[in-house]
Amino acid sequence: MSLNSTQSPQKIAITTIVAIILVLGLLTSCKTMQAQEEKAPIRERILERIQQRRNNRDLNNQAGISGTITLQGMQRTYYLYAPPSYRSNRPMPLILAFHGGRGQGERLAQTTGFNDLADREGFIVVYPDGIDKHWNDGVNTPGFDSSIDDVGFVKALIDEIGRSKNIDRRRIYATGISNGGFFTLRLACEMSERIAAFAPVAATMPVKLKSKCNLKKPVSILMIGGTNDRFVPWEGGQAIKGGDEIMSVVDTFEFWKQQNACVSREQVNRLPNNAPRDGTQVESSTYSGCRANAEVRLLTIEGGGHTWPGGYGQPRAVVGQTSGDINASEEIWNFFKRHALP
1 MSLNSTQSPQ
11 KIAITTIVAI
21 ILVLGLLTSC
31 KTMQAQEEKA
41 PIRERILERI
51 QQRRNNRDLN
61 NQAGISGTIT
71 LQGMQRTYYL
81 YAPPSYRSNR
91 PMPLILAFHG
101 GRGQGERLAQ
111 TTGFNDLADR
121 EGFIVVYPDG
131 IDKHWNDGVN
141 TPGFDSSIDD
151 VGFVKALIDE
161 IGRSKNIDRR
171 RIYATGISNG
181 GFFTLRLACE
191 MSERIAAFAP
201 VAATMPVKLK
211 SKCNLKKPVS
221 ILMIGGTNDR
231 FVPWEGGQAI
241 KGGDEIMSVV
251 DTFEFWKQQN
261 ACVSREQVNR
271 LPNNAPRDGT
281 QVESSTYSGC
291 RANAEVRLLT
301 IEGGGHTWPG
311 GYGQPRAVVG
321 QTSGDINASE
331 EIWNFFKRHA
341 LP
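Counting in the UniProt record's numbering, the sequence shown runs from 1 upward without gaps.
Listed below in structure tokens is the structure:
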């Protein structure tokens, strides 16, 4: 049998078809890679939603309690979480966590991850709800009722929780974001005899509250704010159209230094850039040497938005960049546990 040196027409056709398939495969692969690059932000949003669903499942699996209090003829609601390690014969610290405007307590629980931290560290956390999803923070906000007694609600809530849980009365703390952060600052002015330390996030002092802030005792304050916050301007001014003027973040920091008569020089240091791709960095500024061992600290989130650093479910297109360099909940708890009422 002799070998034919030329290929048959059938073989040529098959070879051509295979080559075309390979080329089309390469082109499709290139287009797919390009599409993946273009859809990177979409992927980030999908991952955020997946994490949010996980947080929702975690929250549903945790044994929280929903409760109500009647005040001013209105039912006030809250969500309370006590960790599995809670025992009625051992007092636990209590954190009051206030949501932002248009928010609600359970959503803040998801954003902050405080429940998981409570499991690890051993504290109770309560997430109250504002009337119409708003807190009477001392700032004139168009469309909201300034007669709502939210300070009275907080006092009644602490008493209510104290009847059902063994809370450490010397270690009650308050934190909140945005409208809840402004309200936290109001509580610092009005409830320093019952709350040991305060941590407002994405909030500053209203100018008119400055003259009304009569402390009963020195207070420890941790402020967390982003320089690119479009809702609470870093330099102060008017946060809401038609609303009251607010102080800058730095002026608010200095105000609390003066209120606590801090004498030490400001200590400034940059924290590790744990998430270099998010475009933020964190600077820590601290005043110590204050009356009654109070402490005033500011965490500046350079490039950060109107967010809870290290938190979940915060859409960048709406609130700006969330920093991954720190976990605000952990920073706040580490600050709180250094301070207690006498």
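Ideal placement from N, C-alpha and C gives every residue a C-beta, glycine not left out.
Remark: C-beta atoms of F98 and G225 do not approach each other more closely than 8 Å. With a cutoff of 8 Å on beta-carbon distance, F123 and L222 are scored as not near each other.
Straight across, the Cα-Cα distance linking H306 with T204 is about 12 Å. In this structure, G113 sits near S329, with a CB-CB distance shorter than 8 Å. The secondary-structure analysis by DSSP pairs I246 across a beta bridge with P206, G237. Within the same chain, L96, T184, L187, I195, F198 come within 6 Å of A174 by CB-CB distance, once the 5 residues on both sides are set aside. The DSSP assignment places 124-128 as complete runs of the beta strand (DSSP E) inside the region 109-172, in order along the chain (cut-off: 3 residues). By the criterion of a C-beta distance shorter than 7 Å, I65 is surrounded in its chain by L80, once the five residues flanking it on both sides are discounted.
By alpha-carbon distance to V125, the top candidate from P142, C189, G105, R297 is G105. According to DSSP, A63 shares a beta bridge with no other residue. Assigned with DSSP and collapsed to three states, T227 falls in coil, not helix or strand. Shortest Cα-Cα distance from G303 to any of R297, R170, N273 involves N273. Secondary structure note for S329: its alpha helix (DSSP H) is the uninterrupted segment 328-336. Distances from the CA of W333 to each of G67, R171, I161, Q110 were compared; the closest alpha carbon is that of R171. Contact check between the region 292-300 and the region 211-222: three or more CB pairs, one atom from each, fall below 8 Å, which counts as touching. Taking C-beta atoms under 8 Å as the contact rule, A239 and V232 qualify, at a distance of about 5 Å.
CA-CA distance, P276 to D119, rounds to 29 Å.
Closest option to D150, judged by alpha-carbon separation, among V207, M191, G310, G320: M191.
Within the same chain, Cβ atoms closer than 6 Å to the Cβ of E160 are found at I69, the five residues on either side in sequence being excluded. The C-alpha of I131 lies about 31 Å from the C-alpha of E121. The beta carbons of G237 and T141 sit no closer together than 8 Å. At a cut-off of 3 residues, the continuous stretches assigned as beta strand (DSSP E) that sit fully inside the region 279-336 are 281-287, 296-302. Inclusion of V282 and L299 in the CB contact set at 8 Å is warranted, their separation being smaller than that value. Counting along the chain, the unbroken beta strand (DSSP E) around N269 starts and ends at 267-270. The bridge partners DSSP lists for Y79 are S66, Y127. Between N327 and G310, the gap from beta carbon to beta carbon is short of 8 Å. Looking at the DSSP output, M92 sits in a beta bridge with I167. Across the structure, Y127 and P315 are spaced so that their CA atoms are roughly 21 Å apart. Here V318 is exposed. Its C-beta has fewer than 16 other C-beta atoms within 10 Å. Secondary structure of A196 (DSSP, three-state): coil.
Taking C-beta atoms under 8 Å as the contact rule, W135 and V201 fail to qualify, at a distance of about 14 Å.
T252 sits away from I301, with the two beta carbons spaced by 8 Å or more. Comparing alpha carbon positions, the residue from N89, S178, D129 closest to T77 is D129. For L215, the secondary structure class from DSSP, reduced to helix, strand or coil, is coil.
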